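K.L.:
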Amino acid sequence: MENRDWDVLEEADWLFRKMVRRFVKERDRINVEGIALPGMMILHKIIREGDQRLSDLAEQLDLTSGAITALCDKLDTAGYTVRRRKSGDRRTVLLGITDKGREMFERNRSVGTRCISLLFEGFEREELAAQNQAFKKVIGNLEGFSEAILDLAKQNTGTPTQGSPERKPARVTTPTRYLTY
37 MENRDWDVLE EADWLFRKMV RRFVKERDRI NVEGIALPGM MILHKIIREG DQRLSDLAEQ
97 LDLTSGAITA LCDKLDTAGY TVRRRKSGDR RTVLLGITDK GREMFERNRS VGTRCISLLF
157 EGFEREELAA QNQAFKKVIG NLEGFSEAIL DLAKQNTGTP TQGSPERKPA RVTTPTRYLT
217 Y
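This is how it looks when you write it as structure tokens:
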């Protein structure tokens, strides 16, 4: 993108970050029978696919192992799930659902549907398809994001070494409506 489009990029960045923050803030306020929404997603995944390893849940739900452990502890304490050792490999712990957990999820099955409809109501099918494509591009752009920025920050602290690319002059900061980095 050219420099003349920088204002559009800044707005996109600001809106994206605002959307993520607002979603997380709203999601974290929701508790269904003592269980946060990500806990409901865990129950749904177990119902659909069977017992799950906690590390697999963390990866698929994009949560840290600590967050998954805390969610699963709450699910266990409430009697909705149970941890089992995998037969043949006692080191592997699987999370299974109890009858109580199934009943609670079935009672609240409409919660997930309502979440999705509230987030995307008013959008036409074509708009949703365009959003899906845009989301996929952003997710792709996030691969290696932190490493690239950390590398740049590291380069910024040192002097250019022989063979390293020339640094471009910093962009002159212009007034903007958006809070940027």
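In our numbering, each residue's number is its place in the sequence shown (first place is 1) plus 36.
Virtual Cβ for every residue (Gly too), placed ideally from N, Cα, C.
Note that the coordinates shown come from a computational prediction; the quantities given were computed from them, not determined experimentally.
(1) On the DSSP bridge assignment, give the partners of Asp-125 in chain order.
(2) Helix, strand or coil for Asn-34 per DSSP?
(3) What separation, rounded to the nearest whole angstrom, lies between the Cα atoms of Asn-177 and Ala-170?
(4) Is Tyr-217 buried or exposed, if buried means 16 or more other CB atoms sit within 10 Å of its CB?
(5) Would you report the Cα separation of Leu-93 and Arg-121, rounded to the nearest angstrom?
(6) If you reduce the DSSP assignment to three classes, tell me which class Leu-51 lands in.
(7) Where in the stretch 125-156 do unbroken runs of the alpha helix (DSSP H), each at least 4 residues long, occur, reported from the N-terminal end onward?
(8) For Ala-114, which of helix, strand or coil comes out of DSSP?
(9) Would you mind sorting Gln-167 into buried or exposed? The rule is 16 or more other CB atoms within 10 Å of its CB.
(10) Using a 10 Å radius around the Cβ and a threshold of 16 neighbouring Cβ atoms, would you call Thr-117 buried or exposed?
(11) Give me the Cα-Cα distance between Gln-88 and Gln-96, rounded to the nearest whole angstrom.
(12) Can you tell me whether Ile-71 is buried or exposed, with buried defined as 16 or more other CB within 10 angstroms of its CB?
(13) Below 8 Å between beta carbons: does that hold for Leu-215 and Trp-50?
(14) Cβ of Ser-182 within 7 Å of any heavy atom in the ligand HEM?
(15) Can you confirm whether Phe-171, when its beta carbon is compared against all beta carbons of chain C, has any partner nearer than 8 Å?
(16) Give the straight-line distance between the Cα atoms of Thr-113 and Gly-137, rounded to the nearest whole angstrom.
(17) Would you call the stretch 100-110 and the stretch 72-81 in contact, with 3 or more CB pairs under 8 Å?
(18) Can you give me the C-alpha to C-alpha distance between Arg-226 and Pro-211, rounded to a whole angstrom?
P.N.:
From the atom records:
(1) Within the sequence shown, residue 125 is the residue found at index 89, counting from 1. DSSP, once it has assigned bridges, lists Lys-122 as partnering Asp-125.
(2) Any question about residue 34 goes unanswered here, given that the chain covers just 37 to 217.
(3) Working through the sequence shown from its first residue, we reach residue 177 at position 141. Working through the sequence shown from its first residue, we reach residue 170 at position 134. Their Cα atoms are separated by approximately 10 Å.
(4) For the purposes of this step, residue 217 is taken as residue 181 along the sequence shown, with counting starting at 1. When all chains shown are included, Tyr-217 counts as exposed.
(5) As a first step, residue 93 is located in the sequence shown; it is residue number 57 there, counting from the start. As a first step, residue 121 is located in the sequence shown; it is residue number 85 there, counting from the start. Straight-line Cα distance between these residues: approximately 16 Å.
(6) Counted from its first residue, the sequence shown places residue 51 at position 15. Here Leu-51 sits in helix by DSSP.
(7) 135-143, 145-156
(8) As a first step, residue 114 must be located in the sequence shown, where it is residue number 78. Correct three-state label for Ala-114: coil.
(9) Working through the sequence shown from its first residue, we reach residue 167 at position 131. Exposed: under 16 other Cβ atoms inside 10 Å.
(10) Counted from its first residue, the sequence shown places residue 117 at position 81. So Thr-117 counts as buried.
(11) In the sequence shown, counting from the first residue as 1, residue 88 sits at position 52. In the sequence shown, counting from the first residue as 1, residue 96 sits at position 60. The alpha-carbon atoms of Gln-88 and Gln-96 are separated by roughly 11 Å.
(12) For the purposes of this step, residue 71 is taken as the residue at position 35 of the sequence shown. With 16 or more Cβ atoms within 10 Å of its Cβ, Ile-71 is classed as buried.
(13) In the sequence shown, residue 215 corresponds to position 179, counting from 1. In the sequence shown, residue 50 corresponds to position 14, counting from 1. Yes. Within cutoff.
(14) Of ligands this structure carries none, so the ligand HEM is not represented either.
(15) No chain C is present in this structure, which holds just one protein chain.
(16) Counting from 1 along the sequence shown, the entry for residue 113 is found at position 77. Counting from 1 along the sequence shown, the entry for residue 137 is found at position 101. About 11 Å.
(17) yes
(18) The structure shown has nothing for residue 226, since the chain only spans 37 to 217.
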